[in-house]
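**Q** Residues 2 to 573 (our numbering) are what the sequence shown spells out, left to right. For every residue, glycine included, the Cβ atom is placed at its ideal position computed from N, Cα and C. Shown below is the structure under consideration.
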Amino acid sequence: MAYRAPVEDVSFLLKTCTSLPRLMEEGVVDLSFDLVDSVLEEAGKFAASEIAPLDRVADTEGATLKDCAVTTPAGVRAAYAAWSAAGWPSVAAEERFGGQHLPTALTSALTEFWNSASPAFGICGVLTMGAVEALTAHGSQALQDTYLPKLVAGTWTGTMNLTEPQAGSDLAALRARAEPKGDGTYRIFGTKIFITYGEHDVAENIIHLVLARLPGAPAGTKGISLFLVPKFLVNADGSLGARNDAVCTGIEHKLGLHGSPTCTMTFGDTGEGAIGWLIGEENRGLACMFTMMNNARLAVGVQGVAVAERATQRAIAYAQERRQGKAASYQGEGMAPIIAHPDVKRMLLTMRAETLAARAICLMTADALDRYHRLPDPAARAAAHAEASLLTPVAKAFSTDIGIEVASMGVQVHGGMGYIEETGAAQHLRDARIFAIYEGTNGIQAIDLVTRKIGQNGGDVVEGLIADCRAVAADVTAVNAPEFGHMGVRLGEAVDAFAAATRKMLDWLGDDQAKALAGATPYLRLFARAAGGAYLAKAALAAHRARTEGESDPRLAARIALARFFAENLAT
């Protein structure tokens, strides 16, 4: 089945739900929607023609390790070279480092396209983008000048080295150590596991960002520092020098993402230590790394959307072709295509609506980040930062859960053939399963939401979001259009439940935190149902206005129908 990027769906959400039109009008973002649509269209074409054909090959062939060197599956190197030559690695970075500095809402959409085409390919760029963000925010001028232009161009790639065998989610247990040499460099020793693209053959150099402890550092997370450790040292003229003492000593055999090498990285095992440079301040490495991790969490949420979209497209294509039994709505000869059967329609509608809601939540999170980074008013930036902080764990957890659920439903639509690898449906389920685990498990996202985020500004941030959702539900009810059905009522019920649960969570945080933690995961799902339903309803209202103004695009009616289906069947 050929992949087609959902350019129109993304563009419609950007135009009707996000702040991008206002930021353009105010001159905060120097773009037009003609240009935005062109970027989306070209990215979609590249994803479909250059990356998507690799997905099956990458899954079946996998990455291989020999003599500490990883070989990626056939075609990956060429595709990465073409991707870099086309300028796609540079879309998010600042212009002073060779980037295009496009809005996060737009670059998140591009991330979806790359990862729908092949998540094993797309995750490499996600990590490099995170390394660029961490260096831009915390790196010294010398480090920025040496490493950022190459990372932004895609000539070099980046990694995130946190996890150790004894230290997964609990970074306080890290043992990797760093010894200062007195010349501005450090020697890094230790082993890191689960390092995505820690070793590969697609780029000239790999820039590892490594958490480690300095001598005498405080215990726990307050004693962690962040270091830049390149695979190859860089000469004064920018050319590559000697190989650093940072090597891949193993790759994992995984459930999914077979084309993405997941490495065990060993630092300082053969000599005096891997040479590294401090990023930010000593013992403040976790704050630096969280710059990378928070943006990566949104990107992983987008990965969930990406696989859900691909699984949905595959299921719809199969349901249109596969013929079984009789269906009352089918008037043709012989057996009916299974898409004519009501239960299959229900599954496909669920897949489409869940995917669209998750996409909307991710785009609204990205939109809040755009306002935080770009608005001139400090108070408006602070409000946007609080909103982005509130939405990030929801975007990561809900969207990755939806990636798994939609991929699983895609297998069900295929029936017995979904259990057979050749159809491709099973790969989506295998690939999606890791998204709910890495970059902070979804349970940790729920804990973060409840214990740190909903209490921001005394609860005013979440209450503001609830008020916005309630206003959308009221607007839907006020329209009173037959095609909206009970959307306004059901969405209002979902928002009321969200509001009541939020008040209860805030009360429990003060009286009995164990209760709040026990309810954190279902609370996050309720949050996402209400917010996602409101975002879809907002898009549906825009579609309704367009229809009343004479537009006849059938996709407008489809958007209303999906928002209605979500509100009436999924939101409550």
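1) Under the assumption that V480 contacts A408 (Cβ atoms under 8 Å), give the Cβ distance between them as a whole number of angstroms.
2) What residue ranges within the segment 66-110 form continuous beta strand (DSSP E) runs of no fewer than 3 residues, ordered along the chain?
3) Does DSSP put A306 in a helix, in a strand, or in coil?
4) Would you identify the three-state DSSP class for H415, choosing helix, strand or coil?
5) Check C470 in the structure and name its three-state DSSP category.
6) Pull up the distance between the alpha-carbon of V1 and that of Y4, whole angstroms please.
7) Pairs of beta-carbons, one from the segment 370-378 and one from the segment 418-431, closer than 8 Å: are there three or more?
8) Below 7 Å CB to CB, which residues in the same chain sit around M365 once its five sequence neighbours on both sides are set aside?
9) Should the segment 503-522 be called in touch with the segment 319-338, which here means at least 3 C-beta pairs below 8 Å?
10) Identify whether R285 lies in helix, strand or coil by the three-state DSSP scheme.
11) Pull up the distance between the alpha-carbon of F233 and that of K16, whole angstroms please.
12) How many Å lie between F47 and D497 at the Cα?
13) Reducing DSSP to helix, strand and coil, say where I438 ends up.
14) Would the beta-carbon of T129 fall within 8 Å of that of T156?
15) Is C125 helix, strand or coil when you go by DSSP?
16) So, helix, strand or coil for N236, using DSSP?
17) Work out the CA separation of A316 and V412 for me, nearest whole Å.
18) Is the beta carbon of R311 sitting closer than 8 Å to the one on S117?
19) Using a Cβ-Cβ cutoff of less than 7 Å, which residues in the same chain neighbour V235 once the five nearest sequence positions on both sides are dropped?
20) Between L149 and E113, what straight-line distance do the alpha-carbon atoms span, to the nearest angstrom?
21) Could you tell me the alpha carbon to alpha carbon distance between A381 and I403, rounded to whole angstroms?
22) On the three-pair Cβ rule with 8 Å, is the segment 267-274 touching the segment 74-92?
23) Can you list, in chain order, the residues of its chain whose CB lies under 7 Å from that of G272, leaving out five sequence neighbours each side?
24) By DSSP, does E180 sit in helix, in strand, or in coil?
25) If R244 sits next to R214, beta carbons under 8 Å apart, how far is it from one beta carbon to the other, in whole angstroms?
26) Find out if the Cβ-Cβ distance for the pair S226, V306 is shorter than 8 Å.
27) With C-beta atoms as the reference, is P343 less than 8 Å away from A320?
28) For the beta strand (DSSP E) that contains S226, what are its first and last residues?
29) Report yes or no: do three or more beta-carbon pairs, one from the segment 91-101 and one from the segment 133-145, lie closer than 8 Å?
30) If you reduce the DSSP assignment to three classes, tell me which class G242 lands in.
31) Is the CB-CB distance between P216 and E165 below 8 Å?
32) Among L492, K454, A521 and G417, which residue has its Cα nearest to the Cα of N443?
33) Would you list the residues sitting across from F190 in a DSSP beta bridge?
34) Measure the Cβ-Cβ separation of L21 and A106 and say whether it is below 8 Å.
35) Using DSSP with H/G/I as helix, E/B as strand and the rest coil, what is I561?
36) Given this structure, state the Cα-to-Cα distance separating G257 from G441, to the nearest angstrom.
**A** So, to answer that:
1) About 34 Å separates the two Cβ atoms, so there is no contact after all.
2) Scanning the segment 66-110 for uninterrupted beta strand (DSSP E) segments of 3 residues or longer gives 70-72, listed from N- to C-terminal end.
3) The amino acid occupying residue 306 in the given sequence is Val; Ala does not appear at that position. Here V306 sits in helix by DSSP.
4) The three-state secondary structure of H415, taken from DSSP, is helix.
5) Note: C470 maps to helix in three-state DSSP.
6) Shown here, the chain extends from 2 to 573; a query on residue 1 therefore has no answer.
7) Taking a cut-off of 8 Å for Cβ pairs, the segment 370-378 and the segment 418-431 do not touch, as fewer than three such pairs fall below it.
8) The residues are C18, T19, L392 and Y536.
9) Cβ pair count under 8 Å is below three, so no.
10) In this structure, R285 counts as coil in the three-state DSSP scheme.
11) Between F233 and K16, the C-alpha separation is close to 44 Å.
12) Each residue's Cα considered, the two are about 43 Å apart.
13) Secondary structure of I438 (DSSP, three-state): coil.
14) For the pair T129 and T156, the CB atoms are not nearer than the 8 Å cut-off.
15) Of the three classes helix, strand and coil, the one that applies to C125 here is helix, per DSSP.
16) Three-state result, N236: coil.
17) Between the alpha carbons of V412 and A316 lies a gap of roughly 8 Å.
18) Their beta carbons are under 8 Å apart, which means R311 touches S117 by this criterion.
19) Correct list, in chain order: T147, L241 and G242.
20) L149 and E113 have their C-alpha atoms spaced approximately 24 Å apart.
21) Spanning the two alpha carbons is a distance of roughly 31 Å.
22) Counting Cβ pairs under 8 Å, fewer than three are found: no touch.
23) Sequence-distant partners of G272 (beyond 5 residues in either direction) whose C-beta falls short of 7 Å from its own C-beta, in its chain, are D246.
24) E180 falls in the strand class under three-state DSSP.
25) The beta-carbon distance between R244 and R214, rounded to whole angstroms, is 25 Å. This is too long to meet the 8 Å contact definition.
26) No, they are not a contact pair.
27) Cβ distance not < 8 Å, so P343 and A320 don't count as in contact.
28) For S226, the enclosing beta strand (DSSP E) starts and ends at S226 to P231.
29) The segment 91-101 makes contact with the segment 133-145, as at least three CB pairs between them are under 8 Å.
30) DSSP places G242 in the strand class (E or B) of the three-state scheme.
31) E165 sits away from P216, with the two beta carbons spaced by 8 Å or more.
32) For N443, the closest of L492, K454, A521 and G417 by C-alpha to C-alpha distance is A521.
33) For F190, which the question treats as bridged, DSSP gives the partners R178.
34) Closer than 8 Å, so yes.
35) DSSP places I561 in the helix class (H, G or I) of the three-state scheme.
36) Rounded to the nearest angstrom, the two C-alpha atoms are 18 Å apart.
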